Amino acid sequence: MKDRFNLYRFASPATFYPLAGTLIPYFVALAVLFGLAGLYLGMLVAPTDFQQGEGYRIIFIHVPASWMSMFIYLVMAFWAAIGLAFNTRLSGMMTQALAPTGALMAFLSLLTGALWGKPMWGAWWVWDARLTSELILLFLYIGYMALTAAIDDARRADKAGGLLLLVGVVNVPIIYFSVKWWNTLHQGSSINLAKSSMAQTMLWSMLLMAMCFWMYSIALALMRARTIMLERERHTDWARVELSGHLTGGEQ
Amino acid sequence: MIYWNSFSDFIAMGGYGFYVWSSFGATALIMTIEPIVVARNRKSTVARLKRQLRADARAENRNTAE
Amino acid sequence: MLEADNLECVRGERRLFAGIGFRLGAGELLYLQGRNGAGKTSLLRMLIGLLPPVAGEIRWRGRTIRSGEFRADLCYLGHLNAIKEELTPLENLLAAARLADEALSEDEAIDALEQVGLAGREDLACKYLSQGQKRRVALARLVKEKRPLWILDEPFVALDVAAVDWLAGIISGHLQRGGLAIMTTHQLVDIPAGTVRELRLG
Amino acid sequence: MLEADNLECVRGERRLFAGIGFRLGAGELLYLQGRNGAGKTSLLRMLIGLLPPVAGEIRWRGRTIRSGEFRADLCYLGHLNAIKEELTPLENLLAAARLADEALSEDEAIDALEQVGLAGREDLACKYLSQGQKRRVALARLVKEKRPLWILDEPFVALDVAAVDWLAGIISGHLQRGGLAIMTTHQLVDIPAGTVRELRLG
Amino acid sequence: MLNVIVAVVVRDLRLAMRRQSDIVSALFFFVIVVSLFPLGIGPEPDLLRKLAPGVLWVAALLATMLSLPRLFADDHRDGTLEQLALAPHPLGLVVTGKVIAHWLVSGLPLALIAPVLGLQFDLSADALIVLTGAILLGTPALSGIGAIGAALTLGVRGGGVLLSLLVLPLYIPVLIFGAGAVDATVSGLGGEGHLSLLAALTFASVGFAPWASAAALKIALE
Amino acid sequence: MLNVIVAVVVRDLRLAMRRQSDIVSALFFFVIVVSLFPLGIGPEPDLLRKLAPGVLWVAALLATMLSLPRLFADDHRDGTLEQLALAPHPLGLVVTGKVIAHWLVSGLPLALIAPVLGLQFDLSADALIVLTGAILLGTPALSGIGAIGAALTLGVRGGGVLLSLLVLPLYIPVLIFGAGAVDATVSGLGGEGHLSLLAALTFASVGFAPWASAAALKIALE
Ligand code: HEM
Ligand SMILES: Nc1ncnc2c1ncn2[C@@H]1O[C@H](COP(=O)(O)OP(=O)(O)OP(=O)(O)O)[C@@H](O)[C@H]1O
Ligand SMILES: Nc1ncnc2c1ncn2[C@@H]1O[C@H](COP(=O)(O)OP(=O)(O)OP(=O)(O)O)[C@@H](O)[C@H]1O
Ligand SMILES: [Mg+2]
Ligand SMILES: [Mg+2]
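Given below as structure tokens:
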């Protein structure tokens, strides 16, 4: 019984690979479900915002994307810390699998923010602290990916990338608190579950969309992780079995 | 329940249609392309690994034959 | 003194060797052999602690090699010469000693350079030296070297016949003083003193 | 075919040699010898036209070597391997041939790589190869090389015993076909065919 | 003749693809440098609009320049350059190929991303078009002139910094006409004059630079 | 402990003196980049005065960054780094020495020449003093943070451009506070707050960076 919950067992690729394989469809399904529900509530049911008109509906993508871009970075930094401390093989694979999705989320945050800014502030872009720090976050993602791509040895790439992630993690709190620390154009936090300033439907649909983005990110990260895992571990027994299973048919 | 009066209202988004729909469109695009790219990448990687595995097996056979 | 157990090395996706082990005592020389790409350089880098082994263990005087203590006993000479092209041979020797926290006086350094046949070039920047002369500057470190463990990667490369003989003599002297040495080379060079042991990879 | 008269070489402020001359005909090998720093590499670079001599003259088939004609007859292999670390051995061979305006089919290239013992590594980027394996990739060019004049600077460095033998064979074949070769080396290697002549510097 | 150039371009592009990080990094360097200015100067849109052409062009010069040291250095270090110099065809052709490849990898992407950065500085659509055109026309000259500098500093220690010292002053005409074209458009004067001067600069330098670089390379190889 | 740091600093300074071009070039790069802007933007003094702090700081970042790739690369290429990693004392000490030497060679000269360049932009005496102080205080942080980037990209192909990609985003706080200090002085608010933040950044990064860099160097040496 104890053995079941041994973290190390799940941290070993041989266990993780099939587990991820079974979980992916569920995450995809959840993402679709949350997405449809969120879109229904947010796009069809929710009333207009008295200040911003219908333009505010960009929030249903902008905020989840912004959250995920920061959250994924934190998760990557977490994995990196584990990898550097305990030298686990899985952690490097996870950070590499998460990075592209995180970068895309940062990109989406910037893009939707820009598309929102044009009607609201009259400019595609302003140089305020939150926008800038989000841009830096995108650079950090890209820097991480460029660094790991430039190093050929996978283990070395993991370690070097992990170090970079840990150094860059200081940026995340800066993004989050930038609206508090500096006097910015970008609006401050309006989510407060106890007494929200937002209409309940808006809040719910935003949360649903956030769940959708979350599930989507997990599904994609797992998909990528499986490929990376197979590639890196191709000389181990489980990977050979997996690959020769493919040889005689099998999924994909 | 539904807030909109007509479909064209829905599309117009109170004059913000371009911005709202570009945002949603770009997101939808990215969220469809990314899984496709990942799946493709997986397929080609698996194919390459299989080829390598077979090549290795052949090389080993040759070595043991010698 | 130096013990290696069951070492395994994987570079990229290739397992170069596994189950390699040896024990080396005072006055012994280990001659690492093997064809190109067998993993000799990789094994040496493992022994000096720069490349973590996939499996296995290395001990020096019974303790792990991940310590300043081991490094204080080690003298490593790689493919690369570790000399600065802008500095003169003399400055190079002195700077290397200072960075390794060793005492080396200027006279000793000049003497060492004379021994390797670089007399008269102490004041010429190293970039003007030929391939073989640069190697000689690197080897000059060994003249006054008191540390017990020498690890040398293809030390004879680019040396002419006279220099090869000289180096063989230096290594013999080290072994006679109770030192240990490990080296790789594709040239067959006779080391007159000490117990010579061989290890073949691949 | 290749004539050198009264060559003089000055590097920095040092006159390395003066009054060096030789004549080399078809099927002949010139073995350049001399201690470290004698000026062997410098002489070779003069012969290929990259280093202008301070005095003296070099002629190929009676004409100056400052022409595309001479370069079309010349195959030079220096200290450096001239291979790209990012490309595979196969791509390297093909690219080198294309850049030198030579015809080399993929099959020929694969065959050459097999001969130098790199079968099975055609698809591995060169950066993953060991010191000696990289040298082998560079030497693979010689397998299909038809140009008459080969100039090789320490070609045996970093090669293991088997590869040294193989290369000696290749050079013999070249001489037998009426080629010329000039090379330096500190290792004594026996070239079975052709007339071997020696030139000592310094 | 042409097939030598093509062979060089193909090889260099393949190497760039194999490294990937090359292209991406030069581009992002450009983006980052451009983004640094508003951070240092402040966010006023009026001020930024005035700065935009100058900042974008300076960043383009710097981004091009940053990739220059490796134009010949890699080939030099691994001995390929020697081999190229010993090939029967003239070295100038090889350099032409390398300049073309360098532009494809470092200049072209800049032109493609420049409009997006121009938006950050609140430039008008007209100005954006002229900006893109100017960068397209001007960057080949940067690659050409840069090749001379790269060849001259080859094998010299600290070459990277020295290179910028040699090359940046020579880039100034490109900068003036390039930024001038955009400025003229913004102020309604029309940028055609500047653009045609840019084109002339590019023609002259792409035609001439390979041969000057080849001569410099031969000196470096001695 | 101290004597290791001193030995490294002495050796690196001697190398820099021997090459000379190093110090001079970083400085001239700074001067040239700063001088490019008036060319690209136009000569209006009011505009230039507003730009000055931002431009000077961006140029300082770039000049520092340009010399970073060689911080460890030379030692790596010729094998010295291996020897340093094998020395009995911790590698972090060696890196501390190298960071100090880097600052002496690349940061200090910038601070000394900055007032002269500031004059070109018509800055007031007050602003010049704060500018010099800010550059003096901020550049050690640049050397420190840069060391991490240099160590991470060591031995990686295309490292120079990649390095700027990694390091420039991390330089942004220094840029903001550095330029902010001068801005605040110019607008009469007093730059002390910004300067003390800069000092804090420098302390933190000079203390922390050597150890992170040492870890990265060990990875590069595997
Ligand atoms: C490119 C430009 C933009 C970027 C990079 C950006 C970035 C971010 C980030 C990182 C967050 C999440 C942080 C948090 O929840 O506290 C966020 C939230 C938010 N953003 Fe933006 N944003 C941009 C433009 C805009 C614009 C133009 C608007 C509206 C006028 C806007 C409105 C919001 C709102 C309402 C939130 C939710 C805040 C909350 O309730 O917590 N953003 N943005
Ligand atoms: N650029 C230069 N400036 C000054 N002196 C130089 C220069 N290049 C080489 N030398 C000197 O020329 C001499 C000969 O160098 P060269 O490389 O030709 O020797 P070599 O015979 O090939 O030696 P080795 O066997 O060690 O390779 C050396 O003593 C060196 O100091
Ligand atoms: N980073 C790496 N990634 C993948 N493979 C590598 C890496 N480094 C080395 N190798 C491989 O490891 C093998 C051994 O390399 P090593 O340098 O240890 O050989 P060696 O015995 O010293 O050979 P040589 O006699 O040629 O110097 C080579 O086949 C090489 O292809
Ligand atoms: Mg080796
Ligand atoms: Mg030589």
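Protein chains in written order, with the numbering used here: chain A, 489 to 740; chain B, 10 to 75; chain C, -19 to 182; chain D, -19 to 182; chain E, 750 to 971; chain F, 750 to 971.
No residue lacks a Cβ here, since even glycine has one placed at the ideal position from N, Cα and C.
All values derive from a computational prediction rather than experimental measurement.
Residue burial classification, residue i (beta-carbon count within 10 angstroms, cutoff 16)
i: residue 784 of chain E; result: buried
i: residue 582 of chain A; result: buried
i: residue 711 of chain A; result: buried
i: residue 16 of chain C; result: buried
i: residue 172 of chain C; result: exposed
i: residue 170 of chain D; result: exposed
i: residue 824 of chain F; result: buried
i: residue 72 of chain D; result: buried
i: residue 52 of chain B; result: exposed
DSSP state of residue i mapped onto helix, strand, coil
i: residue 8 of chain D; result: strand
i: residue -17 of chain C; result: strand
i: residue 904 of chain E; result: coil
i: residue 492 of chain A; result: Annotation note: pLDDT 45 at residue 492 of chain A (below 50); position unreliable, no value reported.
i: residue 44 of chain C; result: strand
i: residue 21 of chain C; result: helix
i: residue 37 of chain C; result: strand
i: residue 164 of chain D; result: strand
i: residue 688 of chain A; result: helix
i: residue 90 of chain C; result: helix
i: residue 769 of chain F; result: coil
i: residue 15 of chain C; result: coil
i: residue 601 of chain A; result: helix
i: residue 961 of chain F; result: helix
i: residue 136 of chain D; result: coil
Residue i - containing beta strand (DSSP E), residue span
i: residue 178 of chain C; result: 175 to 180
i: residue 133 of chain D; result: 129 to 133
CB contact check: residue i to chain E, cutoff 8 angstroms
i: residue 681 of chain A; result: Note that residue 681 of chain A scores a pLDDT of 46, beneath 50, so its modelled location is shaky; the value from the coordinates is reported in the next line. Not one chain E Cβ lies under 8 angstroms of residue 681 of chain A.
i: residue 951 of chain F; result: no
C-beta neighbour in chain B for residue i, strict 8 angstroms
i: residue 710 of chain A; result: no
The alpha helix (DSSP H) enclosing residue i, as first and last residue numbers
i: residue 55 of chain D; result: Element bounds for residue 55 of chain D: not the alpha helix (DSSP H) but the beta strand (DSSP E), 54 to 57.
i: residue 510 of chain A; result: 501 to 527
i: residue 16 of chain B; result: 16 to 21
i: residue 61 of chain C; result: Segment: none, residue 61 of chain C is in no alpha helix (DSSP H) and carries neither H nor E.
Test: residue i CB closer than 8 angstroms to a CB of chain C
i: residue 841 of chain F; result: no
i: residue 646 of chain A; result: no
i: residue 832 of chain F; result: yes
i: residue 100 of chain D; result: no
i: residue 91 of chain D; result: no
i: residue 753 of chain F; result: yes
i: residue 537 of chain A; result: no
Below-8 angstroms beta-carbon distance, residue i vs any chain F residue
i: residue 70 of chain C; result: no
i: residue 78 of chain C; result: yes
i: residue 598 of chain A; result: no
i: residue 803 of chain E; result: yes
Within-8 angstroms CB hit, residue i to chain D
i: residue 108 of chain C; result: yes
C-beta neighbour in chain A for residue i, strict 8 angstroms
i: residue 868 of chain E; result: yes
At which residue ranges does the segment 857 to 899 of chain F contain complete alpha helix (DSSP H) runs of 4 or more residues, listed in the order of the chain? 857 to 869
Ranges of the alpha helix (DSSP H) found wholly within the segment 515 to 599 of chain A, counting only runs of at least 4: 547 to 574
Whole alpha helix (DSSP H) runs in the segment 800 to 849 of chain E with 4 or more residues, listed along the chain? 818 to 826 and 829 to 835
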